[in-house]
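K.L.:
To start, I am sharing the structure in question, which I have written as structure tokens.
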Amino acid sequence: MEQAVAPSSPPQATVAAGGHTGKAIHDASCISCHDSGVYSRTDRKMTDFTMLAAQVRRCDANLGTKLFDEDLNNVTAYLNETYYKFPKP
1 MEQAVAPSSP
11 PQATVAAGGH
21 TGKAIHDASC
31 ISCHDSGVYS
41 RTDRKMTDFT
51 MLAAQVRRCD
61 ANLGTKLFDE
71 DLNNVTAYLN
81 ETYYKFPKP
């Protein structure tokens, strides 16, 4: 007789509807200071992937959110894939 086995862990709750973990973190943390218009403006300050990653870390420090490195990397990846399209170093 077979026994039903419950899943060992629930699905990851932080993945946003669009499927990107970075979006969920962004929506929970970043939009408290600014909307997405800052990423698509013509005079944007970011010029490459390294600068974008550094800015995400600065925002984390300024807000005191204390995100894990993995979360910061996910936010950077989400922003880059969605708005910036910089080549990764």
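In terms of full-length UniProt numbering, the sequence shown opens at residue 1 and continues consecutively. Where a beta carbon is used, it is the ideal one built from N, C-alpha and C, also for glycine.
#1: If we count the other Cβ atoms within 10 Å of its Cβ and call it buried at 16 or more, is residue 33 buried or exposed?
#2: What distance in whole Å lies between the Cβ atoms of residue 80 and residue 52, which are believed to be in contact at a cut-off of 8 Å?
#3: Please report the distance separating the alpha-carbon of residue 22 from that of residue 59.
#4: Tell me where the alpha helix (DSSP H) around residue 23 begins and ends.
#5: Which one of 29, 41 and 36 has the shortest CA to CA distance from residue 57?
#6: Look at the Cβ atom of residue 89, then the Cβ atom of residue 50, and state whether they are nearer than 8 Å.
#7: For residue 83 and residue 20, what's the separation of their Cα atoms in angstroms?
#8: Roughly how many angstroms lie between the CA atoms of residue 72 and residue 35, to the nearest whole one?
#9: Buried or exposed, going by whether 16 or more other CB atoms sit within 10 Å of the CB of residue 76?
P.N.:
The relevant details are as follows:
#1: exposed
#2: 6 Å
#3: 14 Å
#4: 21 to 29
#5: 29
#6: yes
#7: 14 Å
#8: 18 Å
#9: buried
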